[in-house]
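In this note's numbering, the protein residues as written are 5 to 383.
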């Protein structure tokens, strides 16, 4: 019987898709018997489609599907492959996989540390590249007929610790009793990514507990020029007057009791924070956008600038290209303005991983930093 592997997520470079493609081809050429199921879209769409066409008995590509539609199939899989290159702050998809009863193969670092068994850790596997390391682990699982039952202890632990019931009890202490909660985030597409998925799941759970929740944000650009559009939007977010006006109206109209900010460095920016006089605001740090010029290129925690200066921010960007350096300077100015306003307006910062507490404390030494890991809404 074939061992079934699954990948769910963006088909982008930082997600390690090229390593998955390399490992898959190498294993097939070595006559390994297995099946790989790929769900997602991104810059590697064409390469993945070609892989599935070339090896139809091994590779099955389904494109993008809603997470809830994938879960019934996910639960039947043997192993989940997550070869992310960048430093995950939490690893929501890895957590989802374990809640589906499926162990995770990936780099055991950052927010992924609690979710990956040592035997499935790419960092400790033999090989000079992640592609070779991934091929080694998959081959070992096939050769030794290792089943997911071998990892039942980690699966049970995750299912207990990261359920929506466990997390709701922690979140409840932050919520006003009857007044509405306004969620604010740059992008709110349900299929946008881990941040957006978490926000929508949170709103669903709070709604089930009779909390009145509102949401403000934008639809992320899609298509061929999506990245260029996002960069253009980020450039003008340094003076985002339209969102400032709309958010103030929404707060007043909705009689908001709590403003819960999420990702605000890509579109919304600092001005809506500066112009808000609301006395009950919190922010969740889901990713490294407020701490590094390129979160998707951050592979280790020591790449985060410890000194808050322009020179350290430029150094973290690791580029000699004048245009790139100019964009890093622009982002530094934006992020600095955001941090300045957060110090004035926001007393509580929420992080999904204990490894982020010191990072936030360096920028906000007098803030209340609370670790509340993401919950996963899987039945």
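Glycine is no exception: its CB is placed at the ideal position from the N, C-alpha and C atoms.
Beta-bridge analysis with DSSP links residue 264 to 187 and 286. In terms of Cβ geometry, residue 241 and residue 269 form a close pair [threshold 9 angstroms]. The beta carbon of residue 234 lies closer than 8 angstroms to those of 224, 225 and 270 in the same chain, with the five residues before and after it left out. DSSP places residue 102 in no beta strand (DSSP E) but in the uninterrupted alpha helix (DSSP H) bounded by 96-103.
Here residue 39 carries a strand assignment [DSSP, helix/strand/coil]. By the Cβ neighbour-count rule, residue 111 is buried, with 16 or more other Cβ atoms within 10 Å of its own.
Residue pairing from DSSP places residue 110 in a beta bridge opposite 86 and 125. Taking each of 35, 49 and 82 in turn and checking the Cα distance to residue 61, the smallest one comes out for 35. Between residue 119 and residue 162, the C-beta gap is smaller than 9 angstroms, which places the two residues in contact.
Within the same chain, no residue comes within 6 angstroms of residue 305 by CB-CB distance, once the 5 residues on both sides are set aside. Given a length threshold of 4 residues, each whole run of the alpha helix (DSSP H) inside the region 156-227 is given here in chain order: 156-165, 168-176 and 198-212.
For residue 320, the number of other beta carbons within 10 angstroms of its own is at least 16, and it is reported as buried.
DSSP, read as helix, strand or coil, puts residue 352 in strand. In this structure, residue 190 lies near residue 221, with their beta-carbon atoms less than 9 angstroms apart. In the structure shown, the three-state DSSP call for residue 120 is coil. Around residue 323, the same chain offers 329 and 332 as residues with beta carbons nearer than 8 angstroms, after the five sequence neighbours per side are excluded. Exclusion of the five residues before and after residue 262 leaves 180, 185 and 284 as the residues of its chain whose Cβ lies within less than 6 angstroms of its Cβ. Here residue 339 is not bridged, per DSSP, to any residue.
In the DSSP assignment, residue 59 is bridged to no other residue. Note on geometry: alpha-carbon atoms of residue 377 and residue 177 lie some 15 angstroms from one another.
Taking every protein chain shown into account, the CB of residue 245 has fewer than 16 other CB atoms within 10 angstroms, so this residue is exposed. The C-alpha of residue 216 lies about 14 angstroms from the C-alpha of residue 254. DSSP links residue 279 through a beta bridge to no other residue. Going by DSSP, residue 322 is part of no alpha helix (DSSP H) at all; its letter is neither H nor E. The region 144-162 and the region 114-128 touch, with no fewer than 3 CB-CB distances between them shorter than 8 angstroms. Cα atoms of residue 175 and residue 167: separation of roughly 13 angstroms, rounded to the nearest angstrom. Sequence-distant partners of residue 46 (beyond 5 residues in either direction) whose C-beta falls short of 6 angstroms from its own C-beta, in its chain, are 14, 15 and 16. One alpha carbon belongs to residue 342, the other to residue 297, and they sit about 14 angstroms apart. In this chain, residue 308 is not harboured by any beta strand (DSSP E), its DSSP state being neither H nor E. The beta carbons of residue 41 and residue 64 sit about 5 angstroms from each other, so the pair counts as a contact at 8 angstroms. Per DSSP, residue 364 is not a residue of any beta strand (DSSP E); the alpha helix (DSSP H) it occupies stretches across 361-367.
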